[in-house]
Every structure is written in C-alpha cells, then in structure tokens.
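Protein chains: 4
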Amino acid sequence: MGTQERKALEKQLRRSQILDAARLLLFSSGIDSVSISGIAGKAELGVGTIYFYFKNKEEIFAALQEEGLDLLYSKICKIIQNETAPEKQLAGIANAYYQFSEENKNYFDIINYFLSSPTVFFEQELKQQIDMSGHKILKIIQDTILSGIHQGIFEEDAPGRFSMMFWGTLHGLLHFKKLENTVLENENHLDLYEYSVNKLIEAIQCR
Amino acid sequence: MGTQERKALEKQLRRSQILDAARLLLFSSGIDSVSISGIAGKAELGVGTIYFYFKNKEEIFAALQEEGLDLLYSKICKIIQNETAPEKQLAGIANAYYQFSEENKNYFDIINYFLSSPTVFFEQELKQQIDMSGHKILKIIQDTILSGIHQGIFEEDAPGRFSMMFWGTLHGLLHFKKLENTVLENENHLDLYEYSVNKLIEAIQCR
Amino acid sequence: MGTQERKALEKQLRRSQILDAARLLLFSSGIDSVSISGIAGKAELGVGTIYFYFKNKEEIFAALQEEGLDLLYSKICKIIQNETAPEKQLAGIANAYYQFSEENKNYFDIINYFLSSPTVFFEQELKQQIDMSGHKILKIIQDTILSGIHQGIFEEDAPGRFSMMFWGTLHGLLHFKKLENTVLENENHLDLYEYSVNKLIEAIQCR
Amino acid sequence: MGTQERKALEKQLRRSQILDAARLLLFSSGIDSVSISGIAGKAELGVGTIYFYFKNKEEIFAALQEEGLDLLYSKICKIIQNETAPEKQLAGIANAYYQFSEENKNYFDIINYFLSSPTVFFEQELKQQIDMSGHKILKIIQDTILSGIHQGIFEEDAPGRFSMMFWGTLHGLLHFKKLENTVLENENHLDLYEYSVNKLIEAIQCR
DNA sequence: CATGAATGAGCATTCATTCAT
DNA sequence: TATGAATGAATGCTCATTCAT
Numbered sequence: 164m165g166t167q168e169r170k171a172l173e174k175q176l177r178r179s180q181i182l183d184a185a186r187l188l189l190f191s192s193g194i195d196s197v198s199i200s201g202i203a204g205k206a207e208l209g210v211g212t213i214y215f216y217f218k219n220k221e222e223i224f225a226a227l228q229e230e231g232l233d234l235l236y237s238k239i240c241k242i243i244q245n246e247t248a249p250e251k252q253l254a255g256i257a258n259a260y261y262q263f264s265e266e267n268k269n270y271f272d273i274i275n276y277f278l279s280s281p282t283v284f285f286e287q288e289l290k291q292q293i294d295m296s297g298h299k300i301l302k303i304i305q306d307t308i309l310s311g312i313h314q315g316i317f318e319e320d321a322p323g324r325f326s327m328m329f330w331g332t333l334h335g336l337l338h339f340k341k342l343e344n345t346v347l348e349n350e351n352h353l354d355l356y357e358y359s360v361n362k363l364i365e366a367i368q369c370r
Numbered sequence: 164m165g166t167q168e169r170k171a172l173e174k175q176l177r178r179s180q181i182l183d184a185a186r187l188l189l190f191s192s193g194i195d196s197v198s199i200s201g202i203a204g205k206a207e208l209g210v211g212t213i214y215f216y217f218k219n220k221e222e223i224f225a226a227l228q229e230e231g232l233d234l235l236y237s238k239i240c241k242i243i244q245n246e247t248a249p250e251k252q253l254a255g256i257a258n259a260y261y262q263f264s265e266e267n268k269n270y271f272d273i274i275n276y277f278l279s280s281p282t283v284f285f286e287q288e289l290k291q292q293i294d295m296s297g298h299k300i301l302k303i304i305q306d307t308i309l310s311g312i313h314q315g316i317f318e319e320d321a322p323g324r325f326s327m328m329f330w331g332t333l334h335g336l337l338h339f340k341k342l343e344n345t346v347l348e349n350e351n352h353l354d355l356y357e358y359s360v361n362k363l364i365e366a367i368q369c370r
Numbered sequence: 164m165g166t167q168e169r170k171a172l173e174k175q176l177r178r179s180q181i182l183d184a185a186r187l188l189l190f191s192s193g194i195d196s197v198s199i200s201g202i203a204g205k206a207e208l209g210v211g212t213i214y215f216y217f218k219n220k221e222e223i224f225a226a227l228q229e230e231g232l233d234l235l236y237s238k239i240c241k242i243i244q245n246e247t248a249p250e251k252q253l254a255g256i257a258n259a260y261y262q263f264s265e266e267n268k269n270y271f272d273i274i275n276y277f278l279s280s281p282t283v284f285f286e287q288e289l290k291q292q293i294d295m296s297g298h299k300i301l302k303i304i305q306d307t308i309l310s311g312i313h314q315g316i317f318e319e320d321a322p323g324r325f326s327m328m329f330w331g332t333l334h335g336l337l338h339f340k341k342l343e344n345t346v347l348e349n350e351n352h353l354d355l356y357e358y359s360v361n362k363l364i365e366a367i368q369c370r
Numbered sequence: 164m165g166t167q168e169r170k171a172l173e174k175q176l177r178r179s180q181i182l183d184a185a186r187l188l189l190f191s192s193g194i195d196s197v198s199i200s201g202i203a204g205k206a207e208l209g210v211g212t213i214y215f216y217f218k219n220k221e222e223i224f225a226a227l228q229e230e231g232l233d234l235l236y237s238k239i240c241k242i243i244q245n246e247t248a249p250e251k252q253l254a255g256i257a258n259a260y261y262q263f264s265e266e267n268k269n270y271f272d273i274i275n276y277f278l279s280s281p282t283v284f285f286e287q288e289l290k291q292q293i294d295m296s297g298h299k300i301l302k303i304i305q306d307t308i309l310s311g312i313h314q315g316i317f318e319e320d321a322p323g324r325f326s327m328m329f330w331g332t333l334h335g336l337l338h339f340k341k342l343e344n345t346v347l348e349n350e351n352h353l354d355l356y357e358y359s360v361n362k363l364i365e366a367i368q369c370r
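Residue numbers (this note's numbering), protein chains in the order written: chain E, 164 to 370; chain F, 164 to 370; chain R, 164 to 370; chain V, 164 to 370.
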C-alpha cells in the first residue's frame, strides 16, 4: 500500500513536472511556440512520456487553463472573505480580476487566448470541464449580488444576467489593455476599469 | 509625372488585387487556411510578387483588419443616421456590433486575432494606424453620448470613459458567445446582450 | 510434474488469451491498427507481459497467419469430403479459397502480408513452420490430382507441378481483385476466376 | 524560348533526380523505410523541394510503379517483335515477365507490393492512371492471342478472359518465389514456371 | 511472472520567406 | 518588377521495445 501510494504520488508529480514545463514555455515564448517536444525538453522527459500523462496537447492546455481559473477563484475567495458589504465585495472581485490579469498575466493570457480564438480548441467534454471552472467564479459573483439583494442593498430583477454582464464588462475592459497606447491614449486604464466597476455597482444599488 | 501617377495607381491596384484574393481565401476557409502561396495562386501572381507589395503576411492581415473596422464603422454610421434619439442610437450601435460579429464573423475574427495575440505583431506605426480605425468607432459612441447629454437625455460626468466602458462591455459579452452551451447554458446570449445594453443606457439616462 | 504440466498449460492459456486479443483487434480495425499496447489492453495484461509470451509483434502475426492457414485447410478438407469426383473436388478447393479470401479477408490479408513483404521477417525456423502450413494445403491439391489420375479421370505427367500451378493461378487471380474497376472493368471477377479454374481442370482431364 | 525549354528540362531533371533517390532507397531498404526526408537527403534536396515536385509520397510511389510497368511493357514489346509465331510470343511474354522479376526485382517488388497490400494506397484518379499502364500489358497478351486465333493456331471462346488468367498465373507463380526453400523445396522455380506457361499455351492450342 | 512507465526515433506534411534570374 | 524554385525548421503524434521493480 505504501508502494501504491508512492506510485500515485509519483504519477501526480510527473504531471506537475510536465505542466510546470508547459507553463514556463507558454509564459516565456507565447502560446504558438509551445510544442510538445519543447515541453519534453524543458521537463527533461521523452516526448512519448508526455503522451503517457496527457492524451493531447489540448489536454495540457486545458489543465493549465484550469489551473489559472482555480487560482483566480481562490484569489476572489480570499478577497470576498475580507469584505462583508456586498458592494465592497463586488469591487473586490473586480479588483481581484484586475490584479490577476497583471500579477498572473500568463494565466490571464492563456484563458483569454482560448476564449477569443475563433477556432475551437477543445472537444466537448474537455470544454465543459474547463467552463465549469469558470462557472464557479460566476457563481460567486451571483451569490454576492443575491446576498446584496437580500440585504436590501441591491435591487435587480435579473441577478443572473447582471452577474454575466458584470463579468463580461470586466473581461472586455481587461482585453482593451492592449489599446492603452493608441485608442486609450489619454486614459489611464486602471482608472477606466475602476470607473466602470463603480458604474456597474451603482446600477444595481438601491437609491 | 503621368508616369509616376500611373505607377502609383498600378501599385495600388496590385495591392487591392492581392487583398481581394486574401479576403476571398479568409472568408472561404477561415483564418488558419490563408497562406501566402494560396493568396498568390488566387491573385494569379507569383509568391515573390506578394512580398513586393506587402512586407509580411501579417501586413496583409492588418489591411484586412482595417477593412473590417471600416465596415463596422459604416454599419454603425448607417444605423446612427436612421435614429435620432441618442438612447436609440446607442442601442443601435450595440445592435450593429452584434450583427457584425455574426454576419461578418470573418472580419470579427481577424480583428480579435490581433487583439488577443499576446505577442506584438506590428511595428508601432502600423499598429497605430490600425488602432485609429478603432478610434473612429469609439468617437461615434462618444459623440452620441455627448449629444444625449446636450439634449438633456443623458447625464454623465465622464462621457469618454463611459464610451469605453460601453464598448468594452459589448466586446466582452460577444466573447462569451463561446460559453453559450456551458456557463451560459440557461441563458439566451442575445437576450443577455440586449439586457446589458439596456442596463448601460439606463445607467446614464436622467431620471 | 503436476506443477510443470500446469505451468505449461497456463503458459499456453496466456498465449491464447493474447492471440484472442490480437485477432479481435486485427479483425475489428485492420492490420495497421494492431499495436502491442492495444493487444495488451484488450487482453487485460501489461505490455511487458506480451513480450514474455511472444518475442515480437511479428511472432504474434505469424501465429495468426498459421491460424488462417489452418482455417483455410479445414475449409478445404470439408469441401473435399463432400465431393467424390476429383474434378469437382478441385473446383471445390478453388471455391473454398475464393470464399476464404472474401469471408476471411483478415486472415487472407495477413497471409499475404508476409508473402508480399520484401524483407524477411522470420528467422528460418519460424518461417519453415509457417510455410509447412501452406504445404499441407498444397498436399491436398496434389492428392486430389493423384487420385484423379488413378481413377483415370486426369492425365498428367507432373502432378506436383500442376498442383503448384493450380494454386499459383488461384493466388494470382485473387490478387487481381484490386483491378476490378480498372483493368478488369468489363469483367466480373468471380466469373474470371471460375473460368480459369475450369480451364485448368480441363487441361488435365482425359479427352 | 531557349530559356523556357531549359526550365522545363530542368524541372523534368529534378523529378528524375527525386525518383532516382526514391528508387534507390526503396530498393535498398524496403518500402517501409522510404521516408520523404530520406528521399530528400539522398537527392540532396530540401524536404520542401520534394513536395514542390510531387504532391504526395503516394505520387512518388505511383510514379515509380508506372516506371516499372513501362519498363516491363517495353521489355515485352521487344521480345514480341523478335518472334512471329503466337505461341512463341506468349512464351516470350512470360519469359520477359520472369526476367523482369529477376533483373528488375526492385520494380517487380514495388508493383507487387501495392497489388498485394490489403490497404488502399492510391486515390481513385491515381490508381486509374497506374492501372492503365497495366492495361497496356494485358492488351499485348490479348492481341497476341487474338492473332493466334486468326491464324488458326489458337482456339478460344473467351480470349479476353484467357489473357487475364494467363497473366494471373504468371503473377501468382512469381509470387511463390518466396516459398522456394520451404513449400517448393524439391522444385526448381523456373522449371515450374516454364511448365506452367507451356501448359497454358497448350490449353488454347488447336489440336 | 507481471507490470507499466519511459523512451526517442520516426513520420508526412506545411509554409513563410528568400533570392537568383 | 515579377517570378517561382528552393528551403528547412517545425509540428503533433505513434509505438515497438526495454527494464527496474
């Protein structure tokens, strides 16, 4: 049993080892430069070994994406716990997403990459699994808003829709970071972001 | 000078010829299937000739992207002209962007292609040129809002910021189309979009 | 000794188990899709275990080939027993081979696989063993012809040679099935086959 | 025009160069060891260059096969011209095929390889083109037989079928060369071949 | 005996780009 | 100007075989 345990552990370790290499590569050279043989090289493993632990290149990316979403999720959770007022919690969530896009730019990029790509990368099953990680995040936003409604702070007939809109706005604005020096040239991006978040919160606050 | 003019004209003609081929290919087979030799074939030119008129494959894409932005711009203009009420105009703009993302998916894709790419494709000059096309669109939104304010219909201290937020929300929500069957499973995407647009308009309407 | 016997038996059992898996795979997906790990999976054994019972992938194929030859042999025997007239028996053998090539295409393919390969797969010993299975079949043909000669129905100075020619013709014609739609476009393949068999039988019949 | 001619010639030369390399490799290492990069190496060309002259690996093999069939065809023609008696011509054709299988074993092997392989290698169009080369050979056999019939030397109701049977027999017997040391151990292969050819010729000769 | 993790050579094909003519 | 032949790096993936446990 000790043997079995150790084996399972080692297997988990190898997976991490591979994901580490993939992440490193992805973050250093961009998604297009991540090749299986590259990963194998970084991980000091044979190419075949990669395929022993992951069915696909796709599956590796999916794992990384889930990692990222989980990280974001935990960041959001932490911030939520430090605030009690729903409006502060919403702002905190937005703040966490912004921080995530800066401090974990690489994870943010990979999540965005697949969300924005015109081509379909993941097979149905895998896609569902990934998206469910996103679901958890949406759920927090929703719960926060519902809690605000129950507390009589927020007022909104369609809290579910509003949550999605909230998240969509954050997402879209973070996407615009690229335009900082051109379209948004006279505008501080973070200011714009915070302004928007406030606007959204005001929009559901009881007056 | 007649000669010079003719030369310039011919050069412009060749460029169009190449872009026509590239566009045809892009629309018939998607962004991944556009290859230089494919373009050369369609344009009935040699591969090398393409490189005489465009430095890069990316430069061709950039030109197409501008086309797309121009098309979106003209669509928005048309809609604006058919409405006089600023709130209807804003809704119309949002509507136009949604339509564009569906009816001109290829252009929408190519625009996103560059916006999402973590690597910088273009030299500064080229990038600015493209982004300015986006600027024009943002300008319309801004003007519409300003006009609404002047008419006493809208109320907003930071019309510029609100315009960006408006556009960012649209943009982010359009990206969520991919999540239709998973995260958004119980939600009609267009309904969500329209709900959000209304919410935004309400947010700046005088009460 | 009981132990030894049991061991030998078990070893034989495992071999069958592996061959069963290999056969299943061969028949369900064709010769190119048979992989050792596939066999191991189907047989619910480890990959290494396969290599304990068979030196090679080729050795597995060889075993299957023998199976095929044995099957063909038994088919021929059955047909021979139902006919008494040598000329009918010969026709029956030919018929059996044709049927075999259609109904047991997978066995037919694997037999040809080794016969057509320009490289030598097997060590001498193995090769001989396989070819002897073919020998048995040739023997039946020969016996049939000899019997016909003894009965005064056939007339032939070189019955051994004729047998080989007989079999060679069948074999060659079965290969021509591939040409059905091109070279043989105006010809029904089975008709051609039967025509040829008759021609051969006529050639040794006493007139 | 001199330039154009030279260019066309050079293009033809490159094709030959590639086919030479492919043939060399095919003949030295067997069909499974022929890789595009191997061919490129032998031909001292870049991998991409191969694909400039041939669409496919398939197309290269097809070209080699046609080469072989053409060579066989010309051998047969030569022999036919040296004989006037149809029965000698038939024997000559058989002889030519045997010689071909020995002197041009490599070409013979490749033709056989594709004829015997259970999997389909060539797409419809390509297959037709190849098979038509085989058609030419069948045609000669047929013409020879028809000529013999007209001369009152041969007697046969189905000359077309007989031609195919004739060729099929040759083909099958040549295939059996592999069995020389096992199944055919007491038999000289060439003797068997000649015996069979005679038997076939006798079978259509008027008595 | 049995396992299954690890290997790494090997494959066909694509394509942006260059450059001699 | 215009051409198009030539390049070769790069890619995802498979699989027979080995070997430490």
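Quick reminder that beta carbons are idealized off the backbone N, C-alpha and C, glycines included.
If you're wondering where the values come from, they're calculated on a predicted model, not measured in any experiment.
Using C-beta distances below 7 Å, list every residue in its chain close to E246(F), excluding the 5 sequence neighbours before and after it, in chain order.
Closer than 7 Å at the Cβ level, and outside the excluded window around E246(F), lie Q252, G255.
Under 8 Å Cβ to Cβ from L227(V), same chain only, skipping five residues before and after it: list those, please.
Within the same chain, L182, A185, R186, L189, Y270, I273 come within 8 Å of L227(V) by CB-CB distance, once the 5 residues on both sides are set aside.
Pairing CB atoms from the region 194 to 210 of chain V with CB atoms from the region 225 to 244 of chain V, are three or more of them under 8 Å?
Counting C-beta pairs closer than 8 Å gives fewer than three between the region 194 to 210 of chain V and the region 225 to 244 of chain V, which falls short of the contact rule.
Answer with buried or exposed for F325(F), where buried requires no fewer than 16 other C-beta atoms within 10 angstroms of its C-beta.
The residue is buried, with at least 16 neighbouring Cβ atoms inside 10 Å.
Would F317(F) count as contacting chain E if we go by Cβ distances under 8 Å?
No, because no Cβ of chain E sits closer than 8 Å to the Cβ of F317(F).
Can you give me the C-alpha to C-alpha distance between N344(V) and H298(R), rounded to a whole angstrom?
Cα-Cα distance, rounded: 12 Å.
Flag L333(R) as yes if its beta-carbon sits less than 8 Å from any beta-carbon of chain V, otherwise no.
L333(R) counts as touching chain V.
Distance CB(Q305(F))-CB(G323(F)) smaller than 8 Å
Yes, they are a contact pair.
For K341(E), go through chain F and note every residue whose CB falls closer than 8 Å to its CB, in chain order.
Result: L278.
Looking at the secondary structure, which residues open and close the alpha helix (DSSP H) in which K215(R) lies?
The residue asked about is misnamed: residue 215(R) is Phe in this sequence, not Lys. Note, F215(R): alpha helix (DSSP H), 210 to 216.
Determine the chain V residues that contact E350(R) at a beta-carbon separation under 8 Å, and present them in chain order.
Within 8 Å Cβ-Cβ: G323, R324, M327.
Check the Cβ-Cβ distances between Q291(V) and every residue of chain R, and say whether any is below 8 Å.
Closer than 8 Å to some Cβ of chain R, the Cβ of Q291(V) qualifies, so yes.
Which value, in whole angstroms, describes the spacing of the CA atoms of E168(F) and R177(F)?
Taking the CA atoms as reference points, E168(F) sits about 14 Å from R177(F).
Please classify Q314(R): does DSSP put it in a helix, a strand, or coil?
The answer is coil: DSSP assigns Q314(R) none of H, G, I, E or B.
V346(R): buried (16+ other C-beta within 10 angstroms of its C-beta) or exposed?
Buried, since its Cβ has 16 or more Cβ neighbours within 10 Å.
Please classify H313(V) as buried or exposed, where buried requires at least 16 other C-beta atoms within 10 Å of its C-beta.
Under this definition H313(V) is an exposed residue.
Verify the CB distance criterion: does K362(E) have a CB-CB separation below 8 Å to chain F?
Taking CB atoms only, K362(E) has a neighbour in chain F less than 8 Å away.
Could you check what DSSP says for F284(R) in three-state terms: helix, strand or coil?
Residue placement at F284(R) is poorly supported in this model, since its pLDDT is 49, which falls under 50; the coordinates are not used for a value here.
Enclosing alpha helix (DSSP H) for V197(E) [first to last residue]:
Taken as a continuous stretch (DSSP letters only), V197(E) belongs to no alpha helix (DSSP H), as it is neither H nor E.
Delimiting residues of the alpha helix (DSSP H) encompassing F263(V):
249 to 266 is the span of the alpha helix (DSSP H), which, as asked, contains F263(V).
CB-CB under 8 Å to L353(V), same chain, minus the five flanking residues each way: which ones, in chain order?
Excluding residues within five positions, the ones whose Cβ falls inside 8 Å are Y261.
Can you tell me whether K371(F) is buried or exposed, with buried defined as 16 or more other CB within 10 angstroms of its CB?
No statement about residue 371(F) is possible, as the shown extent of chain F runs from 164 to 370 and does not include it.
Span separating the alpha-carbon of G193(R) from that of L208(R)
Cα-Cα distance, rounded: 21 Å.
Quick check: is the beta carbon of S359(R) nearer than 8 Å to any beta carbon in chain V?
Flagged as an interface residue toward chain V: S359(R), by a C-beta distance shorter than 8 Å.
Anything in chain V within Cβ reach of A366(R), meaning under 9 Å, just list it in chain order.
Those within 9 Å of A366(R) in chain V are K362, L363, E365, A366.
Go through its chain and collect everything with a Cβ distance to A257(E)'s Cβ below 6 Å, but skip five positions before and after it.
Taken in chain order, the residues that qualify are L333, V360.
At least one CB of chain F closer than 8 Å to the CB of G297(E): is that the case?
The beta carbon of G297(E) falls within 8 Å of a beta carbon belonging to chain F, placing the residue at that interface.
Nearest-angstrom Cα separation, counted from Y236(E) out to V283(F)
Confidence at V283(F) is low in this model, with a pLDDT of 49, below 50, so the placement of that residue is unreliable and no value is reported for it.
Where the region 265 to 276 of chain F meets chain E: residues whose CB sits under 9 Å from a CB there
Cβ contacts with chain E come from K268, N269, F271, D272, I273, N275, Y276.
Assuming M327(E) contacts L363(F) (C-beta within less than 8 Å), just tell me the rounded distance between them.
The pair is not a contact, with the Cβ atoms about 14 Å apart (cut-off 8 Å).
Through-space distance from E221(F) to V197(F), alpha-carbon basis:
The alpha-carbon atoms of V197(F) and E221(F) are separated by roughly 11 Å.
For K241(V), the first and last residue of its enclosing alpha helix (DSSP H)
Taken as a continuous stretch (DSSP letters only), the alpha helix (DSSP H) holding K241(V) covers 220 to 245.
Name the two residues that bound the continuous alpha helix (DSSP H) containing L347(V).
Boundaries for L347(V): no alpha helix (DSSP H) harbours it, and the DSSP string shows neither H nor E there.
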